[in-house]
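Only one structure is covered here, and it is reproduced in the block below.
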Amino acid sequence: MSDRHTLAQLEAEARGAFAGRHIGPSAADVEQMLATIGQPSLAALSEASVPEAIWAFERLSVPEAATEADVLAELRALAARNRPLRTMVGLGYHASVTPPVLVRNIVEDPAWYTAYTPYQPEISQGRLEALLNFQTMVADLTGLATANASMLDEATAAAEAVALFRRQSKAPADAAVVVDADCLPQTIAVVRTRCEPLGLPVVVTDLAAGPDALPPGDVFGVLLPSPGASG
0 MSDRHTLAQL EAEARGAFAG RHIGPSAADV EQMLATIGQP SLAALSEASV PEAIWAFERL
60 SVPEAATEAD VLAELRALAA RNRPLRTMVG LGYHASVTPP VLVRNIVEDP AWYTAYTPYQ
120 PEISQGRLEA LLNFQTMVAD LTGLATANAS MLDEATAAAE AVALFRRQSK APADAAVVVD
180 ADCLPQTIAV VRTRCEPLGL PVVVTDLAAG PDALPPGDVF GVLLPSPGAS G
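In structure tokens, the structure reads:
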């Protein structure tokens with residue numbers, strides 16, 4: 000008989016190594032940790048850690064299991080009770096149009112929403128994979144060694160843009176970044192938060208007023224919105 004492992008055996012060993020490396024701890028690890036803190040079991044640890052006043056001893060009021068079809072029907076019935084109205088929130092919170100080809104091939108692709116690692120949600124891993132695929136495609140198309148990817152939202156993108164301004168600027172160390180007052184409030188807030196630990200002065204002003212709105216000192220960058228909070 001051959002002593003070589005079959006492909007199925009190798010895959011099983013790999014899965015076991017992955018689970019032990021990422022999920023853990025093993026039974027031996029649990030016993031060692033319990034012995035270190037002087038507890039005989041996980042149940043005893045829970046009893047010693049959680050105040051008795053907040054323990055729930057009665058059975059949870061959980062409904063019986065339902066099929067996927069039954070759950071979808073109930074959710075549709077609940078959703079039908081809503082009154083769809085036009086949102087007037089504004090300030091960057093608005094509906095968007097996603098082309099059907101993107102919906103079919105990206106949003107509805109199971110590889111996007113089922114990508115799994117034990118340490119983060121599936122959609123988070125799927126988003127990271129999508130960004131990597133996008134950067135790889137752009138690098139292949141342009142022949143460049145590097146490629147950028149999108150930020151999660153406008154506010155974080157603006158904050159990183161300001162940090163990039165400062166890194167590339169030759170302005171004095173005390174130079175400020177000028178932010179138009181018509182930027183979205185959340186954008187201004189995140190820019191301020193990002194600049195504070197970096198020691199970067201932030202000047203928010205109404206640039207529609209013209210050159211007189213600029214601060215008197217040195218400036219290393221200007222942030223303008225399009226469209227702005229006023230539309």
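In terms of numbering that gives the first Met the number 0, the sequence shown is residues 0 to 230.
Don't be surprised by glycine CBs; every beta carbon is placed ideally from N, CA and C.
Bear in mind that the values here come from a model prediction, so they are computed numbers and not experimental data.
In this structure, how does DSSP classify residue i when only helix, strand and coil are distinguished?
i: V61; result: coil
i: G37; result: coil
i: G230; result: coil
i: A144; result: coil
i: D179; result: strand
i: G125; result: helix
i: L90; result: coil
Using a Cβ-Cβ cut-off of 8 Å (strictly less than) and excluding sequence neighbours within five positions of residue i, which residues of its own chain qualify?
i: D173; result: P200, G216, D217
i: T97; result: V106
i: G125; result: A110, W111, Y112, T113, A114
i: P224; result: D179, D181, C182, L183, T186
Alpha carbon to alpha carbon, how far is residue i from residue j?
i: V106; j: L77; result: 24 Å
i: N28; j: A42; result: Before going further, note that residue 28 is Asp rather than Asn in the sequence given. Cα to Cα, D28 sits roughly 16 Å from A42.
i: T145; j: Q134; result: 8 Å
i: G89; j: A228; result: 8 Å
i: S123; j: Q167; result: 31 Å
i: A158; j: D211; result: 25 Å
i: A65; j: L71; result: 10 Å
i: V49; j: V189; result: 38 Å
i: G198; j: T192; result: 10 Å
i: M32; j: E46; result: 16 Å
Quick one: what's got a C-beta closer than 6 Å to residue i's C-beta in the same chain, skipping five residues either side?
i: V202; result: A175, V177, P214
i: Q185; result: A154
Starting from residue i, follow the beta strand (DSSP E) in both directions and report where the run begins and ends.
i: V102; result: No beta strand (DSSP E) holds V102; DSSP gives it neither H nor E.
i: V203; result: 201-204
Over the uninterrupted alpha helix (DSSP H) stretch that includes residue i, give me the two end residues.
i: L84; result: First-last for L84: undefined, no H or E at that position.
Let me make sure I understand the geometry here. Which of the options has the alpha-carbon closest to that of residue i?
i: N104; options: A212, S25, A129; result: A129
i: C194; options: A160, E46, A170, V61; result: A160
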